[in-house]
Amino acid sequence: MQRRQLLLASGAALGGSRLAAPGLAWAQNSKVLRFVPQADLPNLDPVAGTQLVVRNASLLVYDMLYGIGADLQPKPQMVERHEIGADGKDWRFTLRAGLRFHDGEPVLARDAVASIRRWMPRDGMGQMIQARLDMLEAVDDRSFRLRLKQPFPKLLYAFGKSNTPLLVVMPERIANTDPYTQVKEYVGSGPMRFRRDEWMAGSRAVFETFAGYRPREEAADWLAGGKRMMLDRVEWLTMPDPGTALGAIQNGEIDWWESPIADLVPVMQNNRQIRVEIADPLGNVGAMRLNHLIPPFNNQLVRQALQYAVNQEDYMRALVGDDEALWKRMPSFFTPGTPGYTEAGAGALKGPRQYDKARDLLKQGGYQGEKVVMLVAADVPITKAQGDVTADMLGRIGMNVDYQALDWGTVGGRRTSRRPVSDGGWNIFFSWHSGADCINPAPYKGVSASGDKAWFGWPSDERVEQHIAEWYDAPDAASEKAALEGVNRAGMEAVTYIPTGFFLGYTASRTAVRNIQHAPFPLFWGASKA
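Here it is in structure tokens:
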């Protein structure tokens, strides 16, 4: 059977849904929105981990000091105003009056200070701030001061960027948790509070509008502006089977499906009660992440072998289908169509695939048939498709594949391990980056090669880091572009990671749902339901 036929049969066999009658009653309530996220929600700590589903849920529960707007510029959010010293090193921030956490306690400057301190060691930009930090302290209940040893002009961008780890403000007692340990208590000051008593891991997460939230006066603008909730309740329902989700949205039992697979889009487009749109015009970048610490990918030649064998077209067709308007080959680390896009040094990803060249590099790198452990989140279509294509590709060049089909939460935990494969370690996992995060090195965790401080896989390359530093110091656009070419060239040689292509993603919602913003993440403020 074709994949689409199989999925349709799955939805029909399940009667289109697995939801009970009470769930349908909730779905028909105009103040309750039922949402199917890209993956199950494992926790609500966007600092200790980097999973996008955690980031997306955290945007509801926590608020940020600054927020990125659709122009990709930071704007004040929890901050009322800031002042900068003439030397560019001394910053003073004043919080908005009347901010409260979900437990009723006021948001104080010391909460913001503790939250910044927890975030800094986990984030690339945070680490740069930490290296320059001279002093960070609360001045009074509403203001805090940050003093740097040298200027850092992109400080506000760091505070407001949308990629993980995310700088959210937690109560001081929670923010004092070790940054490498997940928090156990989810208390924020965002527009919705998390109903932990209704949380069913693997099935459901519930959020209720926080009556004590004070939105800004401005119009909502991605993560900035007035986050006004028109809904009383948002339910996240985990549906790893696309056929089940299809049946549920057709029957009106769910309102919004974040990431439907392309195979099922034509079916929904024929239903007048369903709206199917491109979720984000900046798209996504597929990512094959290699572990640089342990064999065989601790050898650069072995990593480079994969570049000659990866066929980005295979990955993109597996991800989004045959509509070539939805994907592009991407011999680059940077988002196509943006000023930073460059193909410098990416020749190995271009042209016909060279399997003989790949096999020869494996031999030169000393690969002798060792097991390659791939962690594949089988419950997330994006990662599942990349894992399937990679297993076939590795087999073609003679690598011994151990395909481990897991859930996304388990992959999120396993990928933090630096142990050998014989002790629970890994060699490859798959993910994707928002195109909005791949425009330059500032929000882009995947391009860093800072060793122990880098994203999972821990690539280490001084040339990559030097070019990233040049970008931060660049005085003009031409200098920034030259630095990005250096990052791309050095990163491709070191094989920081392997981009599997650029793709656009769909989102689907019932036509009764109104005012969904197009953004790299699902936004619920301003959305309503007829």
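Each residue of the sequence shown is one higher than the one before, counting from 718 in this note's numbering. Glycine included, every Cβ here is placed at the ideal spot set by N, Cα and C.
Exclusion of the five residues before and after Q755 leaves V770, E975 and S976 as the residues of its chain whose Cβ lies within less than 6 Å of its Cβ.
Annotation for M1209: the continuous alpha helix (DSSP H) segment containing it runs A1194 to A1211.
From the listed residues G1057, S1139, G1054 and P1048, the smallest Cα separation to G1064 is found for P1048. For P793, the uninterrupted beta strand (DSSP E) run begins and ends at P791 to P793, by DSSP. By the neighbour-count definition (other C-beta atoms within 10 Å, threshold 16), R1006 is a buried residue. For R849, the closest C-alpha among the options V1097, L865, G841 and V984 is that of L865.
Taking L761 as the centre and dropping the five residues before and after it, the same chain places the C-beta of V771, A774, S775, V778, Y903 and F911 closer than 7 Å to its C-beta, in chain order.
Boundaries for R933: no alpha helix (DSSP H) harbours it, and the DSSP string shows neither H nor E there. With respect to the C-alpha of G877, the residue from D1039, D1154, L999 and I991 having the closest C-alpha is D1154. Per DSSP, the unbroken beta strand (DSSP E) holding F1147 starts and ends at I1145 to S1151. Residue pairing by DSSP leaves Y779 without any beta bridge partner. Taking a contact as a CB-CB distance under 8 Å, the pair S879 and A826 does not count as one, their CB atoms being some 24 Å apart. With respect to the 7 Å criterion, F1050 and G1208 are classified as neighbours on the basis of their beta carbons. The C-beta distance from W1143 to R945 rounds to 43 Å, too long to fall under 8 Å, and the pair is not in contact. Here D1096 is buried. Its C-beta has 16 or more other C-beta atoms within 10 Å.
Looking at the backbone, the Cα of E1087 and that of Q1017 are separated by about 16 Å. Annotation for Q844: M837, P838, S1167 and K1170 place their beta carbon closer than 8 Å to its own, counting only its chain and skipping 5 residues before and after. Here the C-alpha atom of Q967 lies approximately 17 Å from the C-alpha atom of R1231. As the crow flies, the alpha-carbon of I1099 is around 11 Å from that of H1150. Across the set E1060, R835, L1240 and A1225, the C-alpha of A1225 shows the shortest separation from the C-alpha of L981.
By the Cβ test, the segment 1016 to 1031 is in contact with the segment 1067 to 1080, since at least three Cβ pairs between them sit closer than 8 Å.
According to the DSSP secondary-structure assignment, L1123 is paired through a beta bridge with A1094. Each of A996, T1059 and F1219 was checked against the Cα of Q1234, and the nearest Cα belongs to A996. Ranked by Cα distance from W1125, the options I1156, V1093 and I1145 are led by V1093. Under DSSP, K1088 takes part in a beta bridge, and its partners are N1117.
As computed with DSSP, N880 is found in no beta bridge at all.
Minimum Cα-Cα distance from G905 among the listed residues M917, D1040 and A892 corresponds to A892. For the pair Q990 and T1228, the CB atoms are nearer than the 7 Å cut-off.
In this structure the segment 807 to 825 lies against the segment 918 to 931, because at least three pairs of beta carbons, one per stretch, are closer than 8 Å. Within the segment 922 to 1009, the runs of beta strand (DSSP E) that reach at least 3 residues and sit entirely inside it are, in chain order, 950 to 954, 991 to 995 and 1001 to 1007. Between I785 and L940, the gap from beta carbon to beta carbon is short of 7 Å. Listed as beta-bridge partners of S1226 by DSSP are W973 and R992. For the pair A1195 and A1102, the CB atoms are not nearer than the 7 Å cut-off.
Closest option to I833, judged by alpha-carbon separation, among P870, L758 and V886: V886.
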